[in-house]
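Chains as they are written, first to last, in this note's numbering: chain W, -17 to 470; chain E, 281 to 766; chain S, 49 to 143. Everything below concerns the one structure shown next.
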Amino acid sequence: MIKPTEKYFIEGEKGKWEVVIGLEVHAQVTSNSKLFSGSSTKFGAEPNTQVSLVDSAFPGMLPVINQFCIEQAVKTGLGLKGKINSYSVFDRKNYFYADLPQGYQISQYKNPIVGEGEITLDLPGGSKKVGIERLHLEQDAGKSIHDLDPSSSYIDLNRSGIALMEIVSKPDLRSPEEVNVYVKKLRSIMRYLGTCDGNMQEGSLRADVNVSVRKEGDANLGTRCEIKNVNSIKFMQMAIIYEAQRQVELLESGKKIKQETRLFDTKKNETRSMRSKEDAHDYRYFPDPDLLPLNLDKNLIEKIKKNLPELPDQKKERFISEYSLTSYEATILVSEKEISDYFEEVVKNSDKKLAKNWIMGDLFASLNEKNISITESLVTSSKMGQLIDFISSGVISGRTAKEVFEIIKETGEEPKKIIEKKGLQQKSDPKELEAIIDKIILDNKDKVSQYKSGKDKLFGFFVGQVMKASGGKGNPQLVNEILKQKLK
Amino acid sequence: MTDICKKSLTELVRLIKKKEIKSEEITQSFIKNINNDKKLNTFITNCSEEALNKAKNFDKSPKLDTLLPGVPIAVKDLFCTEGVKTTAGSKMLENFVPNYESTITNNLWNEGAFLLGKLNCDEYAMGSSNETSYFGNVTNPIAENTVPGGSSGGSASALAADLTPATIGTDTGGSIRQPASFTGTVGLKPTYGLCSRWGIVAFASSLDQAGPMTKTVEDCSLMLEAMASFDKKDSTSINKKKENYSKNLTDNIKGLKIGIPKEYRVDSMPNEIDKLWENGKNLLKDSGAEIVDISLPNTKYALPTYYIVAPAEASSNLARYDGVKYGFRSTKGNNLIEMYENTRSEGFGDEVKRRILIGTYVLSSGYYDAYYIKAQKVRQLIKNDFDQSFKKVDAILTPSTPNSAFKIGEKKDDPISMYLNDIFTVPVNLAGLPAISIPAGTDNNNYPLGLQLIGKPLHEQKLLNIAYATEKKINFKQHLNRWWEK
Amino acid sequence: MSIDKDKIKHISKLARISVDEKKIDGLAKDLSSIFKFIEQLNELNTDKVEPLTSILNEPLRSRKDEVTDGKIREKILENSPQKNEEFFVVPKVIE
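This is the structure in structure tokens:
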């Protein structure tokens, strides 16, 4: 049952205000070359070394579209349950900026490649569907560097012309937390599809955040402001909180909100108006006459659809039924494709309950501690599987396994080797354990009678003694069983 | 050898292939003519020295199995030529030396030709008289103080004055055909998409086409054969098999139908033009063609449509000239915006600025639907008119221009009057059709006038054949007394 | 429609072309007459006409996703009026 999510409000002096948020996410398409030129898209290259004559807009240069980028956009659109438009047009968005060599950006205006779709968010209070307005392809701009020289700016066009997917959400988001979940889900879907690596530090994913406020219960939308180019989820949240507060204060003091473009200042933690964008609203869009309209073959769309990998939502449903996971557990395990792949490799041959507990517990903790991703961990899925198998088969106890895990985490050594080297095998021979237990019972006759006359807590004492005598290697289950039996 | 420079391109190629003449001799002759010209101002960049070296190298080991072996050719300064200044007739690119070669010129060089020089033109191809060039006006060799037409004015003038055996221009609204008409030469605008636009300084992307400018139709077919090619670097390039236009040229046009559009008879048209048009009709009949009356009802709206679409595209194409990557940069201005505004204000001439402003306006918010979209709708109607007519005819015959060459300065202060020069040529670009202008005769001042033949898309061979047959019958001869050498 | 001075100033700002105060009147006059000329199109009823989308009846051609260009920094920078070894250099941008 879908419960309404907890509502987020700004407490103003004159009442509660709802925050309405829409996101325009710019996601760099994973491809070898740029959208309209053959230059490389690799991150981190020396300035202006991944730039062609077309990218730098020399006289007479012309665009030729990258087929793979088209397919990546279609794939992403399908992943967002979007309507794939078989007819779409590339338009020129005209404005002047130093990092825009053509004086226009090739984008899509009236006829985008993908229409309406949706993303389902898994929130603590239940799931929520967020509408997608559209997805279109466009060129990324170059980079201006302002801090290397007091009177000049330096221009690097490596990024100029890389394919971007602009994904516009409907104004369905209502809180910074929803924005967090939305961006992570969108990112996860694209990483599953392989259409965008979602690496925000490298600039693969950025967002323009549209924020407006309205009185609780008001059905109309307030005037919105757009906060441009925010490149981390944390900053998006901080920007939203500041901006919503700013708008509430303005409105409560009787002023109007001016619809404008703003920047988030990460140092001062506030948004401010962008001077240069004042007159840039008139982009004079018109269809690019150097290109023709794009007509997508229905067979191509079908082919892409057929070859789509399993997406997070489907995988989550399957995990819940196939591996008896709770919705919460499944959500976590499908949040990243690498995690879900890891999990499935482990449970192929190993106990699923142990697998989920160990992965979500010790493994995740170790990833956080080392600030690495699951694919970088020395605890590979096969080593994890082996470790779990040793627990299942009783070779080692759960507690010992934690010790072994720590070693694998640091050295990458195989569990088998570690256990053998350190002689960590559990004592699971009943005869051996019986002998130890018999001796302890013998040596602690008084405690035995105390236990037998009702002091149940003493059971722990006996377990401790057995563990001490066995060097900590007594199979806990067997120890319990045999002790219970002998102490009857 | 009698005046080498008066020979046709076809004849020169024939002589070279028969080893009756050397490339060096040809090149020297043209260089002499270029150097003797004191008045026409057709060349912006003279490549005589390099041309002579190339000619000598060619003669050392001549490769004769190409279309234009050992032929020096000067080209409109809108084609980017590697290592050679390319200015587009503008201060903005006054010192711009491209490190790449346009596909069209590359095709010519691959066929054995080499660069003789870069020819003057209206700034960024915007003009109909070659009076907007930063490098000064070009004069028409037919008479002192007359315009050669534009924007390929330098090309037409150099050709008519025998300073180059053939040349290439670009045509966006008539910029090859109108100067051809004014100078008594032949000029062809191919079907949109037949010739690659890669490496040509762009004016209006959906209208621009490079084309040959020559003394005869035969030469024209030879040049077109060398120029046309599928270019995968140009998304508007048509993937079509190459044709042997010159080999298949014939004057047998029996049974072909020629349309005469009634809307091209404008009231203000001088008598002489009407007479030449009528004469052309009759000559075609003599050649066995059938004359058909047709109607192109939306003709009068072509020019206003053009003056919305072309400036709109130009305003966007010229946005890249900002002083950052290449070209002129103003020294005035304290920040980026001021640098842009001053660079573009100082670097562009008045006509270019005027058209950029018009284009910016018609695309701007609130006006886009009323102007740009409206124009694209009318453009569709104009194209439909032609499509309908071509169901009935193989080609259409019209005058090339509504008047002959006018005096330098005569129309400079009246933009509309200047624009009206293109009234017969502009509909062709809007519809993406091929069209050729051939000299039809002269007016009362003895100034040449041209007739235009418009063809079906990609039917250049048929068009050239009809033009060839007509040219033969007209037998136009132009004798200029080389006054520009004094 | 007549084009007034304010319109010219606004449009030239959009087009990043500074216009000489002395020339604005002449420009306004020229543009007004040009616009009067192009407004002839209003004589035509085009309600049922689709705007031309492309003069060619061809599909949009695409290319393979291969790296075929770049690594020509010197070539890219050599024509710039102001540059250093790695970048284009422009007057400071104020944000």
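Beta carbons: idealized from backbone N, C-alpha and C, even for Gly.
Assignment of Ser431 (chain W) by DSSP, reduced to helix, strand and coil, places it in the helix class. Using a Cβ-Cβ cut-off of 8 Å, Ser60 (chain S) counts as an interface residue toward chain E, since at least one Cβ of chain E sits closer than that to its own. Going by beta carbons, Asn313 (chain E) and Ile533 (chain E) fall outside the 8 Å limit.
Pro139 (chain S) reaches chain W at Ser133, Ser134, Ser135, counting residues in chain order whose Cβ is nearer than 8 Å. Beta-bridge analysis with DSSP links Val7 (chain W) to W:Ile149, W:Ala189.
Residues of chain E whose Cβ lies closer than 7 Å to the Cβ of Leu35 (chain W) are, in chain order, Tyr380.
In this model, Gly629 (chain E) and Glu403 (chain E) are separated by some 7 Å (Cα to Cα). In this chain, the alpha helix (DSSP H) harbouring His58 (chain S) covers 53 to 62. Distance from the Cα of Gly735 (chain E) is smallest, within the candidate group E:Asp667, E:Phe394, E:Asp531, for E:Asp667. Close to Pro129 (chain S), with beta-carbon spacing below 7 Å, lies no residue of chain W; the smallest spacing is near 12 Å. Leu117 (chain W) is outside the set of residues whose beta carbon lies under 8 Å from a beta carbon in chain E. Taken in chain order, the complete beta strand (DSSP E) segments of 3 residues or longer contained in the region 407 to 472 of chain E are 447 to 451, 466 to 469. Between Val2 (chain W) and Pro153 (chain W), the CB-CB gap stays under 8 Å. Here Asn387 (chain E) is buried. Its C-beta has 16 or more other C-beta atoms within 10 Å. Near chain W, meaning a CB-to-CB distance below 8 Å, the residues of the region 100 to 119 of chain S are Thr101, Ser102, Leu104, Glu106, Pro107, Leu108, Arg109, Ser110, Arg111, Lys112, Asp113, Glu114, Val115, Thr116, Asp117, Gly118, Lys119.
Among the residues of the region 554 to 565 of chain E, none has a Cβ less than 9 Å away from any Cβ of chain S.
Sequence-ordered contacts of the region 706 to 722 of chain E with chain S read Gly712 [C-beta pairs closer than 7 Å]. Against chain W, a Cβ distance below 7 Å from Ile72 (chain S) picks out nothing, because the smallest value is about 18 Å. The beta-carbon of Tyr472 (chain E) is placed no less than 8 Å from the nearest beta-carbon of chain W. Contact between Gly59 (chain W) and Gly99 (chain W) is confirmed by a C-beta separation of about 7 Å, below the 8 Å threshold. Within chain E, no residue has its beta carbon less than 9 Å from that of Ala76 (chain S); the closest one is some 10 Å off.
Secondary structure of Ala123 (chain W) (DSSP, three-state): coil. C-alpha of Glu523 (chain E) to C-alpha of Val212 (chain W): approximately 55 Å in a straight line. Phe686 (chain E) and Val604 (chain E) have their alpha carbons spaced roughly 39 Å apart. If you ignore the 5 residues before and after Pro83 (chain W), its C-beta comes within less than 8 Å of the C-beta of Asp37, Ser38, Ala39, Gly124, Leu139, Ser142, all in its own chain and listed in chain order. Listed along chain W, the residues sitting closer than 7 Å to Lys513 (chain E) by beta-carbon distance are Leu44, Val46.
Leu439 (chain E) places its beta carbon 8 Å or farther from that of Gly392 (chain E). Looking from the CA of Gly454 (chain E), the closest CA among E:Ser432, E:Lys371, E:Ser309 belongs to E:Ser432. Taken through DSSP and simplified to helix, strand or coil, Met256 (chain W) comes out as coil.
Following the DSSP letters along the chain, one finds Cys500 (chain E) in no beta strand (DSSP E) but inside the alpha helix (DSSP H) bounded by residues 497 to 507.
Taking a cut-off of 8 Å for Cβ pairs, the region 531 to 550 of chain E and the region 560 to 569 of chain E touch, as three or more such pairs fall below it. At a cut-off of 8 Å between beta carbons, Tyr587 (chain E) makes no contact with chain W. When DSSP states are grouped into helix, strand and coil, Val115 (chain S) belongs to the coil group.
For Asp674 (chain E), the closest C-alpha among the options E:Tyr380, E:Lys299, E:Val351, E:Glu740 is that of E:Glu740. Nearest Cα to Ser89 (chain W) within the set W:Ser134, W:Glu115, W:Phe18: W:Phe18. In the DSSP assignment, Ala312 (chain W) is bridged to no other residue.
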